Structure formats: C-alpha cells, structure tokens
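Encoded as structure tokens, the structure appears first; notes follow it.
Number of protein chains: 2
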Amino acid sequence: MAGRPRSFDRDTALAAAVEQFWRTGYEETSIAMLTSAMGVTPPSLYAAFGDKDSLFTEASDLYFRRTCEAVDAAMTRTSVHEAIAKMLGDTARAHTASDTPLGCLLLTEPRLTAQRETLHGKLTDRIARAVTDGDLPASVRPDELASFLLAVMRGMSGAARDGGSTDEVLAIARTAMAAIPAENARTIDE
Amino acid sequence: MAGRPRSFDRDTALAAAVEQFWRTGYEETSIAMLTSAMGVTPPSLYAAFGDKDSLFTEASDLYFRRTCEAVDAAMTRTSVHEAIAKMLGDTARAHTASDTPLGCLLLTEPRLTAQRETLHGKLTDRIARAVTDGDLPASVRPDELASFLLAVMRGMSGAARDGGSTDEVLAIARTAMAAIPAENARTIDE
DNA sequence: TCTAATCCATAGTGATCGCTACAGAAAGAG
DNA sequence: CTCTTTCTGTAGCGATCACTATGGATTAGA
C-alpha cells in the first residue's frame, strides 16, 4: 500500500491548470499546454486528475467556488444597490487584473452554462429579497434584472479580453448601475 | 486561358462557411466541417478561398457587413433612444432566431476585436451626435455609453447561446434601456 | 477534334490532438 | 537487504488537424 510519493503538489498543479484554462478556454487548451503550465508529465497528470474533461471539471469547480465567494461577499451588503455596485466593480477589476488572465472563465466558457445558471439564481434571490424588503420597486422582475447583470458582466469580460483598461471596464459597470431602479419611495408617495 | 468551370456557387458556399463559423467559431471549426457544410472538397475550397484564415476573413467580413447594415439602419432613427432601442431589440431577436445559429459571431469571436472596435466607433459617433443635438445630456460620455451598449449586446449573445429565449434576451435589452439617460430637458430647466 | 487550361476527387502529407504502454526510479513494509 | 506499490519519463499509439500532390474530368478556343 506504500509507494513512491508524487513529486509535485496537487493543489499547486491544479491552480496552474485553472489559470491555463482561464487563459485559453477548454477546447483551445491542449494537454501539452497543461503539462507545461503544471510542470507535470502526461502520465502524472492522468494519474492525478483523470482525463482532460475531469481536470477541467475540477479546475472550473475551484474557479466557480472562488467566484461564488466573491459574489456572496458582495451580496451581504445591506443595500442592494451597494451590493450590485460592489459586485460589478470587483468584477471589472478582476477581469482586468494584471496578475491573472483577462476576462472570466465562468462567464465565457461555453461548457459552464449550469454554473452561470446557478449564479443567475443567486442574483435573482438577492434581488427578490430586496424587492420584498422595499429596497427595490415591486415592478422589478428579479430574474430579468439578474439576467441583465449577468449580461453586463459577460460584456465586461469580453471588453477586458479585447484589451479594455480597468477604467474602461469600470465605466461599463458604472453605466449599468443607472439601470437599477431606485428604492420604491416614489411608489409609496403616489 | 479557358478551363473547366467550378461546379459550385461561390457565394452559396461562402454563406455556408459564414453559418458554420457563426455556429462553432474559428478554432473549433475544422476544414472537414467546412467542406461538409459547403458541399465542396478540400482542394476546391483551397482553390476558391485560400487557406482557413483567408476563408474566415472573407466570411467574417460578409457577416460584419450585414451587421453594420442593420446597425446603420437602426441608427438613422431621429431619436437616439429609438435608435438604441431598435438596435438592441433587433439584436435580441437576431441572436435567438431559429433559422440561424445562436448568438453573434462578431461579438464572440476573439479574432474580431478590430471589427468590434469599428462598431464601437459607430455607436460613439451616433451618441456624440445625440449629445450635441441635445438628445442626450452633456454629461454623457459617448465612448463609455457605447462600451456599455457593446457589453450588453455581448451579454445578450451569451444568454442566447446559453439557451435563453427571445423574450428573456429582449428583457435584457429592455432593462438596459433604463441606463440611457433621458434628453437634457431637465438640465435646460435648471 | 485537338490543345490548353482549369477544376474535381482520391489519397495522403507531416504535425498535433488526447491518451497510454512500458520500464526504470523511489518510497514503505517485511 | 528484498518485495511490493506507486510514481515518473520516454516514446509512441490511433485519430484528427490544416493542407496538398497527383491524375482524371470537363470546359473554351483553335
């Protein structure tokens, strides 16, 4: 039951795989690119992570978990406007950060539709809570506003990949905030 | 100088190539997929269109020209709000049309950054004109609003690819319209 | 009909794809 | 030490990638 221990750190290698998939997506990332980025030979990669599909699943799950943590943290803000502004601003900065690949793996990879749906659900729930709390007008359709936010973030990812600066992508987030209705004070006044 | 005429219609074959690239993008589209979709053997394809890169350039140029025509048509509306609403609405319907591939080749293909930049310039010009005409407040930054619109359209393309219905994608367009400032009547009144 | 020119279909080029067989190296168990 | 187990590196598997050499088919002009 004992044997030669593996010569690399699995978590470190996985983090390298995340970054490679993040930079080039699933289809455009070859095993050769992965082994090079991870500092591991093909047989070691397959022994530790299974095939390319399994490795991508594990890598994208890690990426997704980190993204959800950031979104959840933003969503805890009491004001939904602050929550959304925080999320969009953090997204803009993350997509254009110089120490990570540009854009967002979760938002751009065609395979991750289910994860995007989960994220959409998170946003919908937070917006629905804001509506019942009177933080947004009753006329707001939570799922539609959530779809809009997801679309804007996808657009920011694309802008970042096209070379947009942090300020330019932040401007998109700022402009999008104008589409979030104000609290329903006016509705009450009528 | 005479010779055997080609047995296929070049424009029809190019249209088929456009659709294939539209559906699967540049990298994921193989020559075998193209020859199958175009009804042409590889040597005929290479004789008529050059290599894969040249064919993609010609196909994406055709796609880009059609897109620009649609955008230009929407932009002729006298009111910039109507122009943008028309563009976003048409975009939402086009991205979810059942007789064409989902989403937008121009907005999603990484190689087409230059064409997106051209489109961004078109939008910036139209918005700048609206600002000088008093159709938008002077506080509006045309390039920033144009970036926002491009981001929203990219988001709509992604939503369509993820299986969003026409109504769901139209809702994104409708929500985005709320981010377009009203004309500067209020600014004048102050 | 004969020649020159151009296109088409078969078949295959080297390179790269994801993936793995094999054999030697490095550890614990006895 | 030996034995067993597991990992590592080389080297290469069949399949597919973009692309093309070759030869027969089909046209216009002489």
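Which chain is which? The protein sequence lines are A and Y, in order.
Going by our numbering, the first residue of the first sequence is number 2, and it counts up by one from there.
Going by our numbering, the first residue of the second sequence is number 2, and it counts up by one from there.
Just so you know, even glycine gets a beta-carbon here, dropped at the ideal spot from N, CA and C.
Because the structure is a prediction, the values reported are computed rather than measured.
Buried or exposed by the 16-neighbour rule on C-beta atoms within 10 Å, applied to residue i
i, result
"Y:E28", "exposed"
"Y:S8", "exposed"
"Y:E118", "exposed"
"Y:R66", "exposed"
"Y:A139", "exposed"
"A:E83", "exposed"
"A:S192", "No answer is possible for residue 192 of chain A: the residues shown for chain A start at 2 and end at 191."
"Y:D136", "buried"
"A:E110", "buried"
"A:L159", "The sequence given here places Gly at residue 159 of chain A; Leu does not occur at that position. Burial call: buried."
"Y:D12", "exposed"
"Y:R5", "exposed"
"A:S148", "buried"
"Y:D163", "buried"
"A:A183", "exposed"
"A:A3", "exposed"
"A:G40", "exposed"
"A:A74", "exposed"
"A:A48", "exposed"
"Y:A33", "exposed"
"A:A115", "exposed"
"Y:G51", "exposed"
"A:T97", "buried"
"A:T68", "buried"
"A:T194", "Only positions 2 to 191 of chain A appear in the structure, and residue 194 of chain A is not among them; the question remains open."
"A:T77", "exposed"
"A:T125", "buried"
Chain Y within 8 Å of residue i, Cβ atoms only
i, result
"A:F65", "no"
"A:E169", "yes"
"A:A186", "Confidence at A:A186 is low in this model, with a pLDDT of 47, below 50, so the placement of that residue should be treated as unreliable; the coordinate-derived value is given next. No - not a single Cβ of chain Y is within 8 Å of the one on A:A186."
"A:T156", "Note that residue 156 of chain A is Gly in the sequence shown here, rather than Thr. Chain Y contact via Cβ: present."
"A:T176", "yes"
"A:I85", "no"
"A:A1", "Here chain A covers residues 2 to 191 and nothing more, so residue 1 of chain A does not appear."
"A:R94", "no"
"A:T193", "What is shown of chain A runs 2 to 191, which leaves residue 193 of chain A out entirely."
"A:R78", "no"
"A:R11", "no"
"A:A60", "no"
"A:D190", "For A:D190, the predicted model reports a pLDDT of 40, less than 50, meaning its position is unreliable; a value from the coordinates is still stated below. Judged by the 8 Å Cβ criterion, A:D190 is not in contact with chain Y."
Minimum Cβ-Cβ distance from residue i to chain A less than 8 Å
i, result
"Y:L15", "no"
"Y:P102", "no"
"Y:A152", "yes"
"Y:G90", "no"
"Y:G159", "yes"
"Y:R162", "yes"
"Y:P111", "yes"
"Y:A183", "no"
"Y:T97", "no"
"Y:A49", "no"
"Y:A180", "yes"
"Y:R117", "yes"
"Y:L120", "no"
Whole-number beta carbon distance between residue j and residue i, since they are thought to touch under 8 Å
i, j, result
"A:G122", "A:A161", "The Cβ separation is near 25 Å, so there is no contact."
"A:L15", "A:S61", "Not quite, the Cβ-Cβ distance comes to about 11 Å (not below 8 Å), so this is no contact."
"Y:V153", "Y:L108", "That belief does not hold up - the Cβ atoms of Y:V153 and Y:L108 are roughly 10 Å apart, past 8 Å."
"A:M157", "A:A174", "7 Å"
- Item | chain Y contacts from the region 126–149 of chain A (Cβ-Cβ distance under 9 Å) | Listed by position, the residues of the region 126–149 of chain A near chain Y (Cβ gap below 9 Å) are R142, D144, E145, L146, S148 and F149.
- Every unbroken alpha helix (DSSP H) within the region 49–91 of chain A, with a cutoff of 4 residues, ordered by chain: Qualifying alpha helix (DSSP H) stretches, in chain order: 53–76.
- Item | Minimum length 4: unbroken alpha helix (DSSP H) runs contained in the region 103–157 of chain A | With a minimum length of 4 residues, the continuous alpha helix (DSSP H) runs that stay inside the region 103–157 of chain A are 106–109 and 114–133.
- Item | Where the region 22–45 of chain A meets chain Y: residues whose CB sits under 7 Å from a CB there | Taking 7 Å as the Cβ-Cβ cut-off against chain Y, the residues of the region 22–45 of chain A that qualify are E28 and E29.
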